[in-house]
Amino acid sequence: MAHGHKSNEKVVFVGDSRVKKGAGVQVPPDYTSYPGKSEAFIPNFLLKEWMVGCVVLVGFLVWTIAEPAPLGYPADPTNASFIPMPDWYFLFLYQFLKYPYVSQEYIVLGTMGIPAVLFGGLLLAPFLDTGKERRFYRRPIASSLMFLSLIAVVYLTVISWDHYTHQLEITNTIPEHHVREEKAREAAEKGQEPPSTVKKPAAAVAIVDAKDPAMDIIKQAQCIGCHAADLKGQGSFPALTGVGDKYSKEELVDIVTNGKSGGMPEFGTKLSADEIDQLATWLAKQKAPAK
Amino acid sequence: MFKNVYNWIDERLDITPLWRDVADHEVPEHVNPAHHFSAFVYCFGGLTFFITVIQILSGMFLTMYYVPDILNAYASVDYLNHKVAFGGIVRGMHHFGASLVIVMMFLHTLRVFFTGSYKAPREMNWVVGMLIFFIMLGLGFTGYLLPWDNKAYFATKVGVQIAESVPYIGPYIAQFLYGGDIVGAQTLTRFFAIHVFFLPGALIAMLAAHFLMIRKQGISGPL
Ligand code: HEM
């Protein structure tokens, strides 16, 4: 940069490197050649830009204060009735894949064929539309393709949103983040803390009466193989600590005897009615300490 | 004082040409909204960058509280949103900013398209721009899972299932995204890493290329 070079030398290097200086360097255009009033970027234009930026920032802050970011209830993979909903800018793709000829046995067209052509076309636009003309009304093919895609995207997005609201209506669902907000508001009106949505970790509840002989049955019957040695559960196996808060003794007899559809085996044939009764009595005692 | 420090450094390192070369240029009349109001369309690129900076900054603050594991992710977001001072604002900025940046990017892309600015010699910059576009969509997709509420969970499940239906490589994509067979603990940590390290790294590299090319070629001339 600061190094000059003697023009009578045969080979000229760039700076102090061994790179030979070529001829084809592109020099950024000089705007004095443009007609009209150009303006220095620093500081004139940049200062104005920052003023606009400040206004945008304040507006944005006001928005975030007025409208809290939504948060529903913790993810529950076993919830079968939840209506899945991607973020709004994916809706058009989501809706598109619901049409025949791009779904089911034609899904290849939907996930690869058509998107590949469209996004590929967009990616390679400069190599497909190589004419010199820049004004959009003089490029009917490129412009009309873009307009068509825009209309399609807007249409698909609107339809998708319509479907979603309709589905909410017929299933009588209120989106979780609304339910939650509503509950928090109601609690606030009564001057209470908003209800907690976070599952209390089971670790907080200790085993009640761990010396009871029922504990031996628990170990022998391999309950601990699934519900963990400390009965605090593991993975998708629920904790047994605190089940007394959830079920009565009769219900517990039923669960242990007949099992549960979610993977809890039936023990009616493996344990005697007496043992099950003993177990259930003990399980019913497993309550969280009163606060 | 400031000037003396600058001069002291400049004497030794000759830094002036470094930044002048990038920063010192003229803004031609046809892109300056002060002269032609309709030139505001040329601001969308700058606005996209502005919101991108907000995203990066607010995201850095979010990671101070966010815990990327399935037991604590939701609770940490909940805590941040409702208990931490100004946490709601930080999360709000990142949440709504994610939508805003996509809107701005769409508008910027349309401006470049309809002014034919992608034509020679700016083809490479358009291609880089499209790569940025895909990176942004990727950021949106991976970020959506992180709060780990039902909406996040099921949208991701559907999204990965769609990717899975791609012929031949689909199952591999799904395997890569899931880190297993379902949306679970592995998926969350993966999405976190992709959202916070991989894609922003790629984005910054691409943005550097984008801006260097704009600087080198200058903004496209009047129509
Ligand atoms: C994070 C996303 C992006 C940022 C921050 C960004 C930023 C910018 C900025 C500041 C400019 C200067 C002109 C203007 O402001 O309009 C510009 C120009 C340009 N951008 Fe982007 N951009 C982004 C994404 C894209 C995308 C998605 C495309 C299209 C595929 C694209 C293609 C271009 C092209 C071809 C130019 C040169 C236009 C000309 O010389 O008139 N950019 N970009």
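Top to bottom, those sequences are chains Z and D.
Take 19 as the starting number for the first sequence in this note's numbering and just add one per residue.
Take 41 as the starting number for the second sequence in this note's numbering and just add one per residue.
Glycine included, C-beta positions come from ideal geometry on N, C-alpha and C.
Since we're looking at a predicted model, the values are computed, not measured.
Worksheet item: Taking Cβ positions only, does residue 220(Z) come closer than 8 angstroms to chain D?
Response: Along the first sequence, read from residue 1 onward, the residue named residue 220(Z) stands at position 202. Any answer about residue 220(Z) is weak, because its pLDDT of 47 lies below 50 and its placement is not dependable; what the coordinates show is given next. Not an interface residue.
Discussion item. Per the DSSP calculation, residue 67(D) is bridged to which residue(s)?
Written reply: Here residue 67(D) corresponds to residue number 27 of the second sequence, with the count starting at 1. 57(Z).
Worksheet item: Are the C-beta of residue 192(D) and some C-beta of chain Z separated by less than 8 angstroms?
Response: The residue you call residue 192(D) lines up with position 152 of the second sequence. Yes, contact with chain Z.
Worksheet item: Where does residue 169(Z) land, buried or exposed, given buried means 16+ other C-beta within 10 angstroms?
Response: As a working mapping, residue 169(Z) is identified with position 151 in the first sequence. Exposed: under 16 other Cβ atoms inside 10 Å.
Discussion item. Tell me the DSSP secondary structure of residue 220(Z) in three-state form.
Written reply: As a first step, residue 220(Z) must be located in the first sequence, where it is residue number 202. Note on residue 220(Z): pLDDT 47, under 50, position unreliable in the model; the coordinate value appears next. DSSP, read as helix, strand or coil, puts residue 220(Z) in helix.
Discussion item. Please report the straight-line C-alpha distance between residue 64(D) and residue 73(Z), rounded to a whole angstrom.
Written reply: Translated into positions along the second sequence, residue 64(D) becomes position 24. Translated into positions along the first sequence, residue 73(Z) becomes position 55. Looking at the two C-alpha atoms, the distance is approximately 25 angstroms.
Worksheet item: Taking the DSSP output, what are the residues bridged to residue 264(Z)?
Response: One-based indexing of the first sequence puts residue 264(Z) at position 246. None; residue 264(Z) has no bridge partner.
Worksheet entry | Chain-ordered residues of the stretch 129-151 of chain D with a beta carbon less than 9 angstroms from chain Z | 129, 130, 131, 132, 133, 134, 135, 136, 137, 138, 139, 140, 142, 143, 146, 149, 150
Worksheet entry | As assigned by DSSP and simplified to three states, the class of residue 176(D) | Sequence index remark: in the second sequence, residue 176(D) carries index 136 (1-based). Residue 176(D): helix per DSSP, three-state reduction.
Worksheet item: With 16 as the cutoff for other CB atoms within 10 Å, does residue 113(Z) come out buried or exposed?
Response: As a position in the first sequence, residue 113(Z) is number 95, starting the count at 1. With 16 or more other Cβ atoms within 10 Å, it is buried.
Worksheet entry | Any C-beta of chain D under 8 angstroms from that of residue 69(Z) | Taking the first residue of the first sequence as position 1, residue 69(Z) is located at position 51. No, residue 69(Z) lies away from the interface with chain D (no Cβ there is under 8 angstroms from its Cβ).
Worksheet item: From the beta carbon of residue 251(Z), is the nearest beta carbon of chain D less than 8 angstroms away?
Response: Reading the first sequence from its first residue, position 233 is the one you call residue 251(Z). So no, residue 251(Z) is outside the interface.
Discussion item. Contact criterion: CB-CB distance below 8 angstroms. Does residue 78(D) meet it with respect to chain A?
Written reply: Any reference to chain A falls outside this structure, whose protein chains are Z and D.
Worksheet item: Helix, strand or coil: which one does DSSP assign to residue 122(Z)?
Response: Walking along the first sequence from the start, residue 122(Z) turns up at place 104. Residue 122(Z): helix per DSSP, three-state reduction.
Worksheet item: Nearest-angstrom Cα distance between residue 66(D) and residue 55(Z)?
Response: Taking the second sequence and counting its residues from 1, one reaches residue 66(D) at position 26. Taking the first sequence and counting its residues from 1, one reaches residue 55(Z) at position 37. Those two C-alpha atoms are separated by around 10 angstroms.
Practice prompt. Return helix, strand or coil for residue 252(Z), following the three-state DSSP convention.
Written response: Along the first sequence, one-based indexing puts residue 252(Z) at 234. Residue 252(Z) falls in the strand class under three-state DSSP.
Worksheet entry | Reduced DSSP secondary structure (H/G/I, E/B, other) of residue 123(D) | For the purposes of this step, residue 123(D) is taken as residue 83 along the second sequence, with counting starting at 1. Coil, per DSSP.
Worksheet item: Exposed or buried, residue 194(D), counting other C-beta atoms within 10 Å across all chains shown (16 or more means buried)?
Response: For the purposes of this step, residue 194(D) is taken as residue 154 along the second sequence, with counting starting at 1. Under this definition residue 194(D) is a buried residue.
Discussion item. For a quick check, are the C-beta atoms of residue 95(D) and residue 137(D) less than 8 angstroms apart?
Written reply: Along the second sequence, read from residue 1 onward, the residue named residue 95(D) stands at position 55. Along the second sequence, read from residue 1 onward, the residue named residue 137(D) stands at position 97. Their beta carbons are under 8 angstroms apart, which means residue 95(D) touches residue 137(D) by this criterion.
Practice prompt. Taking only beta carbons into account, state which residues of the stretch 55-68 of chain D come closer than 7 angstroms to chain Z, listed in chain order.
Written response: Closer than 7 angstroms at the C-beta level to chain Z, one finds these residues of the stretch 55-68 of chain D: 57, 63, 64, 65, 66, 67, 68.
Discussion item. If the criterion is Cβ atoms closer than 8 angstroms, does the pair residue 175(Z) and residue 110(Z) meet it?
Written reply: The sequence position of residue 175(Z) within the first sequence is 157, counting from 1. The sequence position of residue 110(Z) within the first sequence is 92, counting from 1. Yes, they are a contact pair.
Discussion item. On a Cα-Cα basis, can you pick out the residue from 261(Z), 205(Z), 107(Z) that is closest to residue 226(Z)?
Written reply: Here residue 226(Z) is taken as the residue at index 208 of the first sequence, counted from 1. Per the Cα distances, 261(Z).
Item to complete: Would you list the residues sitting across from residue 31(Z) in a DSSP beta bridge?
Response: Mapped onto the first sequence, residue 31(Z) falls at position 13. BP columns for residue 31(Z) point to 38(Z).
Fill in: Rounded distance between the beta-carbons of residue 194(Z) and residue 35(D), thought under 8 angstroms
The requested residue 35(D) is not part of the displayed model; chain D covers only 41 to 263.
Discussion item. Strictly under 8 angstroms for the Cβ-Cβ distance: is residue 75(D) near chain Z by that measure?
Written reply: Within the second sequence, residue 75(D) is the residue found at index 35, counting from 1. Yes, contact with chain Z.
Practice prompt. Could you tell me if residue 59(D) is buried or exposed, where buried requires 16 or more neighbouring beta carbons within 10 angstroms of its beta carbon?
Written response: Residue mapping note: residue 59(D) aligns to position 19 of the second sequence, counting from 1. Looking at its Cβ environment, which holds fewer than 16 other Cβ atoms inside 10 Å, residue 59(D) is exposed.
Discussion item. For residue 250(D), count the other beta carbons within 10 Å of its own beta carbon; 16 or more makes it buried, fewer makes it exposed. Which is it?
Written reply: Working through the second sequence from its first residue, we reach residue 250(D) at position 210. The residue in question, residue 250(D), is buried, as its Cβ has 16 or more Cβ neighbours within 10 Å.
Worksheet item: Would the beta-carbon of residue 215(Z) fall within 8 angstroms of that of residue 118(D)?
Response: Translated into positions along the first sequence, residue 215(Z) becomes position 197. Translated into positions along the second sequence, residue 118(D) becomes position 78. Yes, the Cβ-Cβ distance between residue 215(Z) and residue 118(D) is below 8 angstroms.
Fill in: Outcome for residue 241(D) when other beta-carbon atoms lying within 10 angstroms are tallied against a minimum of 16
By one-based count along the second sequence, residue 241(D) stands at place 201. With fewer than 16 other Cβ atoms within 10 Å, it is exposed.
Worksheet item: Is the beta carbon of residue 82(D) less than 8 angstroms from the beta carbon of residue 71(D)?
Response: If you number the second sequence from 1, residue 82(D) lands on position 42. If you number the second sequence from 1, residue 71(D) lands on position 31. Against a cut-off of 8 angstroms, the Cβ pair of residue 71(D) and residue 82(D) comes out as a contact.
Practice prompt. Inspect the beta-carbon positions of residue 109(D) and residue 248(D) and report whether they are closer than 8 angstroms.
Written response: Your numbering for residue 109(D) matches position 69 in the second sequence. Your numbering for residue 248(D) matches position 208 in the second sequence. Cβ atoms of residue 109(D) and residue 248(D): not closer than 8 angstroms.
Discussion item. Buried or exposed for residue 49(D), going by 16 or more other Cβ atoms inside 10 Å?
Written reply: Stepping through the second sequence from its first residue, residue 49(D) is reached at position 9. Exposed: under 16 other Cβ atoms inside 10 Å.
Fill in: Within-8 angstroms CB hit, residue 105(Z) to chain D
Within the first sequence, numbered from 1, the residue matching residue 105(Z) stands at position 87. So yes, residue 105(Z) belongs to the interface.
Worksheet item: Is the stretch 155-166 of chain D in contact with the stretch 120-129 of chain Z, if contact means three or more CB pairs nearer than 8 angstroms?
Response: no
Worksheet item: Helix, strand or coil: which one does DSSP assign to residue 50(D)?
Response: Against the second sequence, residue 50(D) aligns to sequence position 10. Looking at residue 50(D) - three-state DSSP - the assignment turns out to be helix.
Worksheet item: Using a C-beta to C-beta distance shorter than 8 angstroms, which residues of chain Z count as neighbours of residue 106(D)?
Response: Within the second sequence, numbered from 1, the residue matching residue 106(D) stands at position 66. The contacting residues do not exist; residue 106(D) stays about 13 angstroms from chain Z at best.
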